[in-house]
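Peer 1:
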Amino acid sequence: MANVGMLIAAGHHNLLAGNRVVSSGRLPDGRPLRHHFVGIYVWDCCYRHIPEGVWTHNTARDNVVGNAWITTRNTSARTDYRLDHCHPGTCTNNKSLPGTVTTATEKAERTRWVDKLRSRRIQTGMRSS
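Quick note on this note's numbering: the sequence shown kicks off at -19 and runs consecutively.
1. Note down, one range per segment and in chain order, each alpha helix (DSSP H) of at least 4 residues found wholly within the stretch 4 to 33.
2. Report the residue ranges of all beta strand (DSSP E) runs contained in full by the stretch 35 to 104; include only those spanning at least 3 residues, in chain order.
3. If you check the beta carbons only, do C71 and T36 fall under 9 Å apart?
4. Rounded to the nearest angstrom, what separates R107 and R98 at their Cα positions?
5. Taking only the alpha-carbon atoms, compute the straight-line gap between H(-7) and F17 and give it to the nearest angstrom.
6. Nearest by alpha-carbon distance to N47: which of G(-2), L13 and G105 is it?
7. For V(-16), which of T82, G69, W49 and G79 has the nearest alpha-carbon?
8. Closer than 7 Å by C-beta to W23: which residues in its own chain qualify, once you throw out the five before and the five after it? Chain order, please.
9. What does the Cβ neighbour count give for V34, buried or exposed, with the cut at 16 atoms within 10 Å?
10. Measuring only the C-alpha atoms, how far is V44 from V2?
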């Protein structure tokens, strides 16, 4: 389990582009994920911008996120992005999925991904020789 879908937390000239992150904030058995935070973030988690150049030109663009987390009242809330430390003008064209993200949304996203791989004749996993 993770508390983030994808992230840039340190470094320079990192790029997150063209990704899809979908999470209902729940495990397959319906229990909430603990400490679930955000779909995609670009955030210098250590706040160590010094010396200059250590944190610069980090970008998240052209992504689609639907990221839910479960509140203490067992309701769904959304935190799709945290782009606090993007280089100016670089974190653009990021979109959020509409509506409530559920386990059915996750299953539909997996089906979309599998269909995309099949249509491009891409195989994953081990193959026998």
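Idealized CB from N, CA, C, for every residue including glycine.
Peer 2: Here's the rundown:
1. Taking only runs of at least 4 residues, no alpha helix (DSSP H) segment lies wholly in the stretch 4 to 33.
2. 39 to 41, 44 to 50 and 56 to 58
3. no
4. Rounded to whole angstroms, R107 and R98 show a C-alpha spacing of 15 Å.
5. One C-alpha to the other measures close to 24 Å.
6. L13
7. W49
8. A(-11), R62, D64 and H65
9. exposed
10. 8 Å
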